[in-house]
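Below is one structure, written out as structure tokens, with a few remarks after it.
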Ligand SMILES: [Zn+2]
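Residue numbers (our numbering): 0 to 321.
This is how it looks when you write it as structure tokens:
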């Protein structure tokens, strides 16, 4: 593939640079200024993006995003550098990197202060505190792995396949800590049943994780399978709520973060609708290549749902201690 760019030299004459690429390797740069022509090699950093038609086959995943692709970069350094120029994975990366950093900040102590002011009794039970921090850690891992995947998925085919599996691991982490923390607070008066359900949730998570390691679950063709599998894992966290509601009515489930769980579920549902339908880029091709594509909306809604659930856990803690 050859690219040309026009530039101006000191004496005002226009020059043309032709750059030949083979994969990500820049082979030769021919520079001509006026009548003079010379062949030189250069280490100039070229940050241009390419269109769908120029992508290698393995990078053709979402046919509704037509422009703004990074080249196959073959370098983690080049992938990290892509955090600072515009391409169609930039928002996917930052939309999960920023909340991951916020959760990291919470772990590093800001959250402690908030809790100290919120609670009448500042000596919160260590197990309660740890449960919320486990949720923060699990969510941070999910967001961090997702951001890492989107940042580096232009490295190479083999690396992108491995990193995609890490993205699935992160999702399993996120759903597991959500279910476990919800059950922990909801069944805090019945430790035996709580342990039974948390073992059940973690076993389901392990089964889902193992199923996601199979090569056949990747790619757009298996998108619905992945959606329904992760949905089933989420619903496994609702089993204890349903059980207690049937046995004891509304009073029995008042320690579960019900309202926040429902709001989180709505965010996840809306995000999944964007993910599955590829709206709006399917309706308006090329308009949302860089900003506002369905996967970006999906990311924002997932991060929002996760944050709402964290507020729900805080509320559950306040119900216990205030
Ligand atoms: Zn993603």
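For glycine and all other residues, C-beta sits at the position ideal for the given N, C-alpha and C.
With DSSP as the reference, identify every bridge partner of residue i, one or two as the case may be.
| i | result |
| --- | --- |
| residue 68 | 49 |
Since residue i and residue j are thought to touch, with beta carbons under 8 Å apart, how far apart are those beta carbons, to the nearest angstrom?
| i | j | result |
| --- | --- | --- |
| residue 139 | residue 103 | 6 Å |
| residue 171 | residue 208 | 5 Å |
| residue 131 | residue 312 | 5 Å |
| residue 88 | residue 178 | The Cβ separation is near 30 Å, so there is no contact. |
| residue 346 | residue 182 | Past the boundaries of the shown model lies residue 346; the chain is included only from 0 to 321, so the question cannot be answered. |
| residue 308 | residue 260 | 7 Å |
| residue 236 | residue 176 | About 10 Å; that fails the 8 Å criterion. |
| residue 95 | residue 69 | Not quite, the Cβ-Cβ distance comes to about 17 Å (not below 8 Å), so this is no contact. |
| residue 304 | residue 239 | Not quite, the Cβ-Cβ distance comes to about 20 Å (not below 8 Å), so this is no contact. |
| residue 319 | residue 127 | 7 Å |
| residue 203 | residue 169 | So it is not a contact: roughly 17 Å between Cβ atoms. |
| residue 107 | residue 135 | With 8 Å as the limit, residue 107 and residue 135 do not qualify as a contact, their Cβ atoms being about 11 Å apart. |
| residue 166 | residue 192 | At roughly 33 Å, the Cβ-Cβ gap does not stay under 8 Å, so residue 166 and residue 192 are not in contact. |
| residue 275 | residue 222 | 7 Å |
At 4 residues or longer, and completely inside the region 127-201: list those alpha helix (DSSP H) runs for me, N to C. 156-185
Stretch-stretch touch, CB-based, cutoff 8 Å, three pairs: the region 249-256 with the region 198-214: The region 249-256, when compared against the region 198-214, does not touch it at the 8 Å Cβ threshold.
Ignoring anything shorter than 4 residues or poking outside the region 67-108, list the alpha helix (DSSP H) runs there in chain order. 75-80, 89-104
Kindly provide the chain-ordered list of residues whose Cβ lies closer than 6 Å to any non-hydrogen atom of ligand 1. The answer, residue by residue, is 91, 145, 149, 294, 298.
State whether the region 79-98 contacts the region 284-304, with contact taken as three or more CB pairs (one from each stretch) at a distance under 8 Å. yes
4-residue-minimum alpha helix (DSSP H) runs that sit fully inside the region 196-284, ordered along the chain: 222-235, 238-247, 257-276
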